[in-house]
Every structure is written in C-alpha cells, then in structure tokens.
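Have a look at the structure below, then the notes.
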Amino acid sequence: DIGCVHHIAFAVSRVTFLQAVARLDERGIKHSGVKDRGFMDSIYFEDPLGLLIELASYRFEPPAGFTHADVLMEAHKIRVARGDYNIAELHLADAIQALVERSRETLSDERTAKNPY
C-alpha cells in the first residue's frame, strides 16, 4: 500500500550479524538465510507484529575520513569501468586503495616496491 513501510534495515557489526543468525536459529525464528549482496550480507525475518526486519553487515570498513557511501561510490565507478555486473570484494579493495592514495600526500611519485637490502 502507498505510504506503508516495506521493511526496516539495521546496520550491524560482523560479530553482531553472526550472533543474530545463530540466535534466530536457536529460537526457531524463520528467516531468509544469509543473502550475499557482494559488499554486504543481509538476513531478513519478521518481528512478532509481522514487520519485516533486515540486519545488514558491511564486508569492509572505510578508511579514516571516509564513509561507507564514499567507498561504495568509488567501487561502483570501478565496477562500471571494468564492465562487471555487480560490486565485488576486489572492487571494494581497489576503491579503498584509490581513496587513500588520493587523500594522502606522498614523498615520492615513484611507488614501486623497493629492495630493502
């Protein structure tokens, strides 16, 4: 119906997410099972009044000074440029690296690995 809420989502830590899945199972509460969203995991279940609840856990932490949205936007741009179907962990890793490199000054433009000996 127009104006009604479909579901309420809560962002939770990885540990809380895993505990919630186990506790729903222990209590016999029916749920969707873990849904792989590529960049996060979600699980859905109904509260006692029938409202659909989602618990969502990101698979990454943004670097200092950035938000989850910053990382996801950068990962989306990388995904589109590569022609990939959805955001995967590789896109997230590359996005985090790109954000950090753009935001930090360097003492050298030459960034290749050096022989320490």
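Letter 69 of the sequence shown, counting from 1, is numbered 69 in my numbering, and no numbers are missing.
Just so it is clear, CB atoms sit at the ideal spot from N, CA and C, and this is done for glycine as well.
Model, not experiment: these values are computed from the prediction.
Whether residue i touches residue j by CB criterion (9 angstroms)
{"i": "Ile43", "j": "Leu24", "result": "yes"}
CA nearest to the CA of residue i, picked from the options
{"i": "Glu46", "options": "Pro62, Arg102, His91 and His31", "result": "His31"}
{"i": "Leu52", "options": "Ile96, Phe10 and Lys77", "result": "Phe10"}
{"i": "Ala56", "options": "Asp84, Asn86, Asp36 and Leu92", "result": "Asp36"}
{"i": "Arg79", "options": "Phe66, Thr67, His68 and Ala93", "result": "Ala93"}
{"i": "Ser103", "options": "Pro116, Tyr85, Ala64 and Ala22", "result": "Ala64"}
Per-residue burial, residue i [other beta carbons within 10 Å of its own, 16 or more giving buried]
{"i": "Ala75", "result": "buried"}
{"i": "Ala20", "result": "buried"}
{"i": "Ile29", "result": "exposed"}
{"i": "Ile2", "result": "exposed"}
{"i": "Ile87", "result": "buried"}
Inter-residue Cα distance where the pair is residue i and residue j
{"i": "Pro62", "j": "Gly50", "result": "34 angstroms"}
{"i": "His91", "j": "Phe66", "result": "16 angstroms"}
{"i": "Ala95", "j": "Arg14", "result": "20 angstroms"}
{"i": "Val16", "j": "Cys4", "result": "Contrary to the premise, residue 16 reads as Thr rather than Val in this sequence. Those two C-alpha atoms are separated by around 28 angstroms."}
{"i": "Arg111", "j": "Glu105", "result": "12 angstroms"}
{"i": "Gln97", "j": "Leu18", "result": "27 angstroms"}
Contact set for residue i: own chain, Cβ-Cβ below 7 angstroms, skip 5 residues either direction
{"i": "His68", "result": "Tyr58 and Pro62"}
{"i": "Gly38", "result": "Asn86, Ile87 and Ala88"}
Residues near residue i in its chain [Cβ-Cβ closer than 6 angstroms; skip 5 each side]
{"i": "Lys77", "result": "none"}
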